[in-house]
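Undergrad:
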Amino acid sequence: LTVRESEDWLASLKRHSDRTGPTEARRIVYGADMPHGNEQRYLEVYNRHNESIRAYFAGRPNFLMLRIEDGLSFEPLCRFLGRPIPKQPFPHLYRTM
19 LTVRESEDWL ASLKRHSDRT GPTEARRIVY GADMPHGNEQ RYLEVYNRHN
69 ESIRAYFAGR PNFLMLRIED GLSFEPLCRF LGRPIPKQPF PHLYRTM
């Protein structure tokens with residue numbers, strides 16, 4: 019599970035929505051096709067979703083949660099998967115940090 023601070027997630031989604039416009043997928047998931055004016059609903063769905071995943075995997079060894087604010091790299095993912103760390107850079111950096 020990759021998570022970020024709720025308000026940061028919402029701000030990013032609003033910027034993305036400005037570029038993409040209303041979508042049917044957002045209407046289905048959040049009950050509104052744009053986050054603008056529906057911020058509380060979007061945050062509730064986002065937080066509930068993340069909490070349900072954490073609850074489902076509570077106490078299980080096969081769960082990894084990465085916080086974007088902590089920085090993303092291959093190291094925790096490869097350690098979790100038991101794989102060597104690749105030589106190439108991580109493929110996507112958090113661009114607004």
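So this note's numbering is basically just the index in the sequence shown, starting at one, shifted up by 18.
Cβ atoms here follow ideal geometry from the backbone N, Cα and C, with glycine treated the same way.
Does the contact criterion of 3 or more C-beta pairs under 8 Å hold for the region 100-109 versus the region 25-37?
TA: No, the region 100-109 does not touch the region 25-37.
Undergrad: Look at the alpha carbon of R66 and the alpha carbon of Q58, and state the distance between them as a whole number of angstroms.
TA: Each residue's Cα considered, the two are about 12 Å apart.
Undergrad: Within 8 Å, do at least three Cβ pairs link the region 68-85 to the region 19-33?
TA: At 8 Å Cβ cutoff, the stretches touch.
Undergrad: Would you list the one or two residues that DSSP bridges to T41?
TA: Partner(s): none; T41 has no beta bridge.
Undergrad: How many angstroms separate the CA atom of R44 from the CA atom of L28?
TA: Taking the straight line from one Cα to the other gives about 13 Å.
Undergrad: For E25, which of E93, L90 and L61 has the nearest alpha-carbon?
TA: Here the closest residue by C-alpha is L61.
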